Every structure is written in structure tokens, then in C-alpha cells.
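In our numbering, the protein residues as written are 62 to 316.
C-beta atoms are modelled at their ideal positions from N, C-alpha and C, and glycine is treated no differently.
These numbers were taken from a predicted model, which means no experiment stands behind them.
Comments concern the structure below.
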């Protein structure tokens, strides 16, 4: 089901997934989303929810989680203990969730955020915001990290042609193919950032003005956070070039 919170960062709205095996009396609710009355009513109409899971901490995925856990009398679990509620324990990388009557393997996939997880089933992977159904995701520095994101894409690509059940946007047929596209896009953006730096850009917003000039300005703050992640990636030497002068935190809200 989809929450009624469309926007530049949420696409058509947050996808909330209710997973259960055929004939199972219990289900897992993934990413309850915002606390909108109609959305909450649709969720609570589902019978047998035994566990609430959030893929990462962003409010468009978690706002309703604690209240729903209390209302339904079930635990809320997340990778970061801060976002667990109602007796839920932190998710562990590699553990298997069986509450839906089908096994779902938790994989820690940092990059978009430090606490991002994906849930791997036999035929599909719930990717949260690590992989979206349309466009590409943002790497929100300093919580997000581009080196980690590349590693997460490589990990997910290993799950081959499983379908993508994303946090926003439509489902997609092949996780490996999407991960390859995402990696190519990120590499292209890094080339553009390098070119902007070589042309004299000195701050993140300088780079945004060049590299993301065609992007609607309403998403420039997110673009700037992603640029800061790219600058940190280059500064740390993953570029194999001398970028020690780069300060990803300089200007416009950096720490």
C-alpha cells in the first residue's frame, strides 16, 4: 500500500509493505510511513501483523511506527536501537525474520543512511531507499556515505534477478540490473564533480550549481548533501587523486 505523501523526495509516496506467505496467519509490516489517518486505517485493517520493521530512520518511513506497534501490540524493529519500540530489538545483519511465514534475511546496506537495511526473500528484495523504483537515491552526508553505498550496491547485485520492492516508486524486475545502473550513475556524477572541481568549484554548493543545474531547486538541499558525500569520497582518496584540499563540510550548514 502507498501512503498519501507524494513529493520530490518521496516520489508517489512511501510504499508500505505487508508481507505474508499464502495461508499464513501472521504478517510483517515494513515501513509504516507517515501518520496519515487514511494510511493508518488501511494498515490496521490488515489482520495478523506480528512485527513492524523499518528500513531506515527517515520520518517518511518511521513516523507511524511506534504508535502502530503500541496499537497493534507488536514489536517495532530497526537496525538502530533508537528507532525500536514496544520491546523490539535491533535488527542484526544476516538474521532471518520468520514472522510472515516466509524467511526474510536482513542485510545491512548503509549508504543512503548509516542504518539502512534491505530484506531479502526468495524471489524479491525490499530495498527501502537504498534502491528506488524510479530515478536514483540520494546519499545524505554525513549520515550517508558513498563508499558504503558502493559496497551495498555490490552486495545487493549478488542477489541477481530478484524483483525490487522499493520504499518509493514501482517494483522493478531485476535487482542486479538496477544496481549496475545505479553504480554507473554514481560514477558519472563523480566524473562531473571532478570536472567541476578542476574548473574551480571550491564548495559543495558551487558543485551543485554546475552538476545539478538541471535539477529542480526544491531538491538542491538533498543534492548538496549528496555532493558532500561525493567530496568526502574524493577527499579520502577513493579517487586515487590528491583531493586533500576538499572540505565537504564547508559552507551552507556543514558542521
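Check: In three-state terms, what does DSSP make of residue 111?
Finding: The residue labelled residue 111 in the question sits at position 50 within the chain shown. Correct three-state label for residue 111: strand.
Next item on the list: State the DSSP-derived secondary structure class of residue 123, mapped to helix, strand or coil.
Entry: To locate residue 123, count along the chain shown from 1; it is residue 62. Helix.
Check: Quick one: what does DSSP say residue 172 is sitting in, helix, strand or coil?
Finding: For this step, residue 172 is matched to residue 111 along the chain shown. It is coil, neither helix nor strand.
Note to self: Using a Cβ-Cβ cutoff of less than 7 angstroms, which residues in the same chain neighbour residue 103 once the five nearest sequence positions on both sides are dropped?
What the structure shows: Here the question's residue 103 lines up with position 42 in the chain shown. Within the same chain, and ignoring the five residues on either side of residue 103 in sequence, the residues whose Cβ sits closer than 7 angstroms to its Cβ are 62.
Check: Can you give the beta carbon distance from residue 244 to residue 214, rounded, assuming they're within the 8 angstroms contact cut?
Finding: Position 183 of the chain shown, counted from the first residue, corresponds to residue 244. Position 153 of the chain shown, counted from the first residue, corresponds to residue 214. That belief holds up - the Cβ atoms of residue 244 and residue 214 are roughly 5 angstroms apart, short of 8 angstroms.
Notebook entry, point to check: Which same chain residues, not among the five before or five after residue 231, have their C-beta less than 6 angstroms away from its C-beta?
Noted result: Counted from its first residue, the chain shown places residue 231 at position 170. The beta carbon of residue 231 sits closer than 6 angstroms to those of 194, all from its chain and outside the five residues before and after it, given in chain order.
Notebook entry, point to check: Going by beta carbon distance, what residues of the same chain come within less than 7 angstroms of residue 281, once the five residues before and after it are set aside?
Noted result: Here residue 281 is taken as the residue at index 220 of the chain shown, counted from 1. Here the set comprises 269, 273.
Item checked: For residue 225, the three-state DSSP class (helix, strand or coil) -> The count along the chain shown starts at 1 and reaches residue 225 at position 164. Here residue 225 sits in strand by DSSP.
Item checked: For residue 178 and residue 167, believed in contact at Cβ under 8 angstroms, the rounded distance -> Here residue 167 refers to the residue found at position 106 when the chain shown is read from its first residue. Here residue 178 refers to the residue found at position 117 when the chain shown is read from its first residue. With 8 angstroms as the limit, residue 167 and residue 178 qualify as a contact, their Cβ atoms being about 6 angstroms apart.
Item checked: Beta-carbon separation (whole angstroms), residue 190 vs residue 198, contact threshold 8 angstroms -> The residue given as residue 190 occupies position 129 in the chain shown. The residue given as residue 198 occupies position 137 in the chain shown. Distance from residue 190 to residue 198 at the Cβ level is roughly 5 angstroms; contact confirmed, criterion being Cβ atoms closer than 8 angstroms.
Notebook entry, point to check: Taking three-plus beta-carbon pairs below 8 angstroms as touching, is the stretch 107-115 in contact with the stretch 204-221?
Noted result: No, the stretch 107-115 does not touch the stretch 204-221.
Next item on the list: Would you kindly work out how many angstroms separate the C-alpha atoms of residue 217 and residue 224, rounded to a whole number?
Entry: Locating residue 217 in the chain shown gives position 156, counting from the first residue. Locating residue 224 in the chain shown gives position 163, counting from the first residue. Cα atoms of residue 217 and residue 224: separation of roughly 11 angstroms, rounded to the nearest angstrom.
Checklist line | Under the three-state DSSP convention, the category residue 192 falls into | finding: Along the chain shown, one-based indexing puts residue 192 at 131. It is coil, neither helix nor strand.
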